[in-house]
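Structure first, commentary second.
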Amino acid sequence: MKQNKPYGLWASPISAEELSQGIRLNEVRWDAEKENLVWLEGRSGQGVLVASDTKEPGWDLNQEISCRGGVGYGGGEFDVLNDVVIFAGKDGRLYRRELGYDRPRAITPSYGGVASPKISPDGEWVIYVFSDGNLDVLAVVDSEGKEWPRILKQGADFYMQPTWSPNGKQITWIEWDHPHMPWEATRLMVADVVMGDLPGLNNIRLVDGNDETIIFQPEFSPDGTTLSYIRSAEEWDEFVLYDLAAEKQTVLLAPQGVHLTIPAWVQGIRTYAWMPDNKSIIYIQHEAGFARLYQVEIKNGDISEINIQPYTWIRQIHISKLGKITAIVTSPQITPRIVVREEQGWRTVARSSPENINPEYLPMPEVISWQAEDGSEVFGLYYQPANPKFQSEGLPPVIIHIHGGPTSQATVRYDADISYFTSRGYGWLEVNHRGSTGYGYSYQNKLYQRWGDVDVEDAVSGARTLIDRKLANPKQLIIMGGSAGGYTVLNSLVRYPGVFKAGVSLYGISNLFTLDQDIHKFEAHNNDFLIGTLPEAAERYHAWSAVFHAERIRDALAIFQGSEDTVVPQNQAEEIVKKLRQQGVPFIYQLYEGEGHGFRKNETLLDFYKQVEMFLQQNVLFAP
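Just so you know, the numbering used here puts the end of the sequence shown at 714, numbered straight through with nothing missing.
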């Protein structure tokens with residue numbers, strides 16, 4: 091029999107201590123020539139590569155040197171060929187680690203940042219993306235590091251996804267320029283490789299893309315005759331095959347109502363892979379927060395679904411030379427795992443946590459929608475409080491959560507924050523406001539010059555929808571978000587005082603003017619799309635910067651910030667904190683030393699969960 095206890099005070103086996111000890115599974119790849127698997131684990135801020143033959147436990151490759159992509163927001167950390175791993179070090183160098191030797195050794199100088207290393211088919215060369223924060227280039231170095239690196243291609247503002255052809259005679263890559271983001275407009279390039287002391291490029295040519303088209307993940311077919319890629323097509327995406335000899339494009343598939351890509355916030359994202367027999371492609375399809383896996387035949391376009399149940403989200407698919415599929419998978423009731431597909435189904439190779447929690451503590455979401463002020467349909471995922479040992483009278487407190495980005499999406503996967511709070515008696519609504527990805531490009535573009543406006547409206551209307559449906563206590567609503575989500579938190583408290591009992595902002599933006607001055611290269615012109623260009627858009631910048639209207643905030647606010655955040659610097663938090671202190675609003679401010687844009691250290695996560703829980707008890711559960 092369930093025990094009666096107030097919402098928010100339920101005892102939960104999901105502890106802050108346990109969540110803080112979890113690891114992140116960031117990437118997984120097969121050795122291009124062997125059946126060894128290498129993956130990347132995030133352990134308390136340290137990027138550790140692990141190798142395994144998938145039958146025996148894995149072994150660490152680089153504990154002393156953190157592996158982390160150093161271009162933009164990261165990603166594109168490593169490649170592996172014939173027992174040689176080339177990886178990006180957090181210190182800006184490329185490193186070589188041979189599986190039979192003990193220590194990695196640097197093959198490039200320590201300068202700038204590196205990402206997306208790709209080893210040539212003969213193992214002699216490595217192409218990669220380099221950035222010093224101002225200049226981005228494609229570069230090449232010999233895989234032993236005996237020579238200085240050389241620039242292969244420059245001139246574009248950004249590069250990603252470089253790839254060798256199977257015979258090593260061509261490479262392909264994606265490039266783009268300001269003011270675009272990679273989910274707005276990119277170009278697909280291909281070039282012939284000219285061998286010398288170091289490889290050079292000849293006959294560089296544009297295959298596809300322009301200022302209105304998104305091109306994503308170019309890959310050569312196993313026989314090297316075809317270049318495959320994903321292209322935006324009005325509302326959705328299409329899969330394109332390009333015959334390199336005939337220079338002819340063919341659309342292999344163009345599904346409606348789904349996306350084949352996700353926004354390239356980081357290097358190294360993969361949503362499909364060729365089977366080694368050259369006859370088919372395995373691809374991920376994204377639909378309303380869920381991911382599904384399919385196989386398409388090259389010859390006739392026949393499509394068949396590959397069952398991934400019980401998982402609801404799959405990413406970073408990769409296929410071995412023998413046709414084995416690996417990927418990172420998860421669901422709201424299953425913490426992220428690395429799996430390999432075998433005849434009997436999916437076999438787990440690595441786990442991000444011990445998986446010792448009863449699924450009854452881990453709710454599956456209800457897919458919901460509601461109407462925005464302009465009549466648009468807005469989408470969300472609602473998670474009910476879930477605990478098999480407790481029940482409560484009345485309606486629960488609910489956390490309205492806003493994802494980051496803002497060009498991103500809340501998906502149906504395991505989320506430690508959700509499980510922590512729903513198991514204690516909170517409801518949780520993920521708001522995929524207008525401007526979120528995954529619902530068509532028209533929906534994504536609704537944020538055009540309205541960021542700080544429509545996202546706030548959708549958060550508030552989502553909360554009111556839960557009230558109308560008797561799913562939330564109207565006097566115990568909380569709004570929470572990080573980065574772009576934290577920006578929405580602050581603006582919601584400014585524009586709609588009293589709707590939320592409290593707000594929780596993680597490295598949220600409070601001043602768009604100073605953000606524009608401090609912004610890093612990758613997003614230097616993102617606000618042109620989201621808000622407008624200065625000085626013409628100065629009125630919007632002022633209206634949607636919470637720091638200029640902080641006197642309107644009367645609801646309790648918790649602010650968490652990393653001291654080394656270069657995306658949303660510390661001054662963004664301290665400007666709003668100064669205003670809150672002047673007007674006597676209940677608040678807490680926690681600065682985490684050594685943390686950047688996103689908290690990774692175990693001790694930080696432990697403190698964060700405990701502080702938020704105490705803050706909500708004092709300002710929501712026990713408040714008058």
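Glycine included, each C-beta is placed from N, C-alpha and C at the ideal position.
Taking DSSP as the reference, what is the three-state secondary structure of residue i?
| i | result |
| --- | --- |
| Lys-243 | strand |
| Met-285 | coil |
| Gly-552 | helix |
| Thr-45 | Residue numbering for the chain in the displayed model covers 91 to 714; residue 45 lies beyond these limits and cannot be assessed. |
| His-349 | strand |
| Glu-234 | coil |
| Val-354 | Rather than Val, the amino acid found at residue 354 in this sequence is Ala. Here Ala-354 sits in coil by DSSP. |
| Thr-340 | strand |
| Ala-648 | strand |
| Ser-110 | helix |
| Tyr-191 | coil |
| Tyr-533 | helix |
| Arg-642 | helix |
| Met-279 | strand |
| Gly-572 | strand |
| Arg-585 | helix |
| Val-502 | coil |
| Asn-368 | coil |
| Arg-405 | strand |
| Lys-208 | strand |
| Glu-467 | strand |
| Ala-627 | coil |
| Phe-590 | coil |
Residue i to residue j, Cα distance in whole Å?
| i | j | result |
| --- | --- | --- |
| Val-348 | Ser-322 | 12 Å |
| Phe-606 | Gln-662 | According to the sequence as given, residue 606 is Asp; it is not Phe. If I take the Cα positions, the gap works out to 11 Å. |
| Thr-253 | Asp-543 | 40 Å |
| Pro-659 | Asn-446 | 38 Å |
| Tyr-401 | Lys-411 | 25 Å |
| His-632 | Ile-609 | 17 Å |
| Asp-150 | Trp-634 | 47 Å |
| Pro-96 | Gly-515 | 8 Å |
| Ile-359 | Pro-714 | 48 Å |
| Pro-564 | Val-710 | 11 Å |
| Glu-274 | Val-356 | 15 Å |
| Asn-581 | Lys-208 | 43 Å |
| His-491 | Ala-122 | 40 Å |
| Leu-171 | Lys-124 | 8 Å |
| Asp-232 | Ala-640 | 55 Å |
| Phe-220 | Thr-497 | 25 Å |
| Glu-703 | Gln-474 | 18 Å |
| Lys-338 | Val-330 | 10 Å |
| Arg-114 | Asn-692 | 12 Å |
| Arg-585 | Pro-256 | 56 Å |
| Gln-673 | Pro-486 | 30 Å |
| Ala-476 | Asn-616 | 39 Å |
| Ala-141 | Leu-334 | 35 Å |
| Pro-194 | Ile-217 | 18 Å |
| Ile-415 | Ser-206 | 21 Å |
| Thr-623 | Glu-629 | 11 Å |
Pop quiz: residue i and residue j are said to be a contact at Cβ under 8 Å. What is the actual Cβ separation, rounded to whole angstroms?
| i | j | result |
| --- | --- | --- |
| Ala-417 | Asp-548 | The Cβ separation is near 32 Å, so there is no contact. |
| Ser-318 | Ile-371 | 7 Å |
| Phe-177 | Leu-139 | 6 Å |
| Ile-643 | Ser-600 | Actually they are not in contact, since the Cβ atoms of Ile-643 and Ser-600 sit about 11 Å apart, beyond 8 Å. |
| Thr-351 | Phe-310 | Contact flag wrong, Cβ pair sits at about 19 Å. |
| Gly-379 | Val-502 | 5 Å |
| Tyr-332 | Val-386 | Not quite, the Cβ-Cβ distance comes to about 16 Å (not below 8 Å), so this is no contact. |
| Gln-651 | Leu-681 | 5 Å |
| Phe-612 | Gly-162 | 4 Å |
| Ala-381 | Ile-409 | That pair is no contact at about 17 Å. |
Look up residue i in the DSSP assignment and give the residues it is bridged to.
| i | result |
| --- | --- |
| Ala-381 | His-376 |
| Lys-560 | DSSP output for Lys-560 lists no bridge partner at all. |
| Asn-293 | DSSP, once it has assigned bridges, lists no residue as partnering Asn-293. |
| Leu-139 | Leu-130 |
| Gln-260 | Asp-282 |
| Phe-511 | Bridge partners of Phe-511: none, in fact. |
Inset, instruction - Specify whether the segment 304-323 and the segment 256-275 touch according to this definition: at least 3 beta carbon pairs, one from each stretch, less than 8 Å apart. - result: They touch, by the three-pair rule.
Legend entry - Meets three-Cβ-pair contact criterion under 8 Å: the segment 261-278 and the segment 228-248: Yes: the two stretches touch, three or more of their Cβ pairs being nearer than 8 Å.
Legend entry - the segment 556-572 contacting the segment 522-540, beta-carbon criterion three pairs below 8 Å: Between the segment 556-572 and the segment 522-540, the count of Cβ pairs shorter than 8 Å is below three; the stretches do not touch.
Inset, instruction - Could you tell me whether the segment 91-110 touches the segment 474-482, using the rule of 3 or more Cβ pairs below 8 Å? - result: With the cut-off at 8 Å, the segment 91-110 and the segment 474-482 touch.
Inset, instruction - Determine contact between the segment 413-429 and the segment 452-462, defined as no fewer than three beta-carbon pairs at a distance below 8 Å. - result: The segment 413-429, when compared against the segment 452-462, does touch it at the 8 Å Cβ threshold.
Inset, instruction - Answer yes if the segment 429-439 comes into contact with the segment 510-528, meaning at least three C-beta pairs across the two stretches below 8 Å, and no otherwise. - result: Touching, no, given that fewer than three Cβ pairs across the two stretches are closer than 8 Å.
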